[in-house]
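Okay, so here's the structure we're looking at.
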Amino acid sequence: MYQILRKKYNTKFVKHQVKTVHELIDGFDVVVNCAGLNGGLVANDGDADNVYPIRGVILEIDAPWQKNFVYLDFATFTFPTINTVFMGTVKQDGRADLTVSQEDIDGIRARYAKIQPAMNGVRVKSVWSGLRPGRRTIRLEMVEEQRTKAKIIHNYGHGGNGFTLSWGCALEVVELALR
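In full-length UniProt numbering, the protein residues as written are 1 to 179.
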């Protein structure tokens, strides 16, 4: 999509650290706010309190026999890649620290062992934690900036569904930008 927008529509992509979308209004016809957990702050329109962290933890495990994606619910799954297997997760709304406790690891392993006992005792190679941008509803809308009439498109608050929703949201952002 990047190449299509860049070549066909002469779109200019700028990577720049900003505090608010309003810093970018001059000189651009469209500004897209995909700032994730900081989306409400960058919007600078009162939405910051509606965005909250959803803490997650994922384990990289040594299970080369696991070739299939297994998904019970948002918090209990494995997905294999070419070189490794990932097991997850925790979903903790409002928790912003990235510390991974033994309780986190044991909880993930115990839940998963109930659906696939062969994973009981599997070696954990590494652990990661991260913060998903939560919001009661996804914010995907266009607002016209009063002074310049530039389009500001907000696209954040996808929680743990960002990967799943990314293509559809990207297409809607393009549709809004081309209006």
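Every residue, glycine too, gets a C-beta built ideally from N, C-alpha and C.
Assign residue i to buried or exposed, taking buried as 16 or more other Cβ atoms, counted over all protein chains shown, within 10 Å of its Cβ.
i	result
A35	buried
A118	exposed
M87	buried
R55	buried
V85	buried
I82	exposed
I58	buried
F69	exposed
H158	buried
T137	exposed
Shortest alpha-carbon distance to residue i belongs to which of the options?
i	options	result
Q102	K12, V42, S129	S129
V127	L98, R136, P117, Q146	L98
R132	Q146, Q92, G121	Q92
residue 196	F74, R136, D47, Y2	No answer is possible for residue 196: it lies beyond the span of the chain, which begins at 1 and ends at 179.
P53	A96, L59, I4	A96
G40	K149, Y112, R135, K67	R135
H22	D45, R6, L5	D45
G94	L37, A110, P64, V174	L37
Y71	G159, G168, A113	A113
T76	A63, Q116, Q66	Q116
Within the same chain, show all residues whose beta-carbon is closer than 7 angstroms to that of residue i, passing over the 5 residues directly before and after it, in chain order.
i	result
E172	L140
Q9	Checking the displayed sequence, the identity of residue 9 turns out to be Tyr instead of Gln. Correct list: empty, nothing qualifies.
F28	A150
A177	V30, K151, I153
Can you give the beta carbon distance from residue i to residue j, rounded, assuming they're within the 8 angstroms contact cut?
i	j	result
R89	I108	Contrary to the premise, residue 89 reads as Thr rather than Arg in this sequence. Right, the Cβ-Cβ distance comes to about 7 angstroms (below 8 angstroms), so this counts as a contact.
E145	I25	5 angstroms
V18	Y156	About 14 angstroms separates the two Cβ atoms, so there is no contact after all.
V31	I152	5 angstroms
V124	I61	6 angstroms
Tell me which residues share the same chain as residue i and place their Cβ nearer than 6 angstroms to its Cβ, disregarding the 5 neighbours each side in the sequence.
i	result
H154	N33, A43, R139, E141
T148	I25
Who are the Cβ neighbours of residue i in its own chain at under 8 angstroms, not counting the five residues just before and after it?
i	result
Y2	F13
D49	G40
Following a CB-centred definition, is residue i positioned closer than 7 angstroms to any heavy atom of the ligand NAD?
i	result
E141	As presented, the structure is devoid of all ligands, the ligand NAD included, so that no description of it is given.
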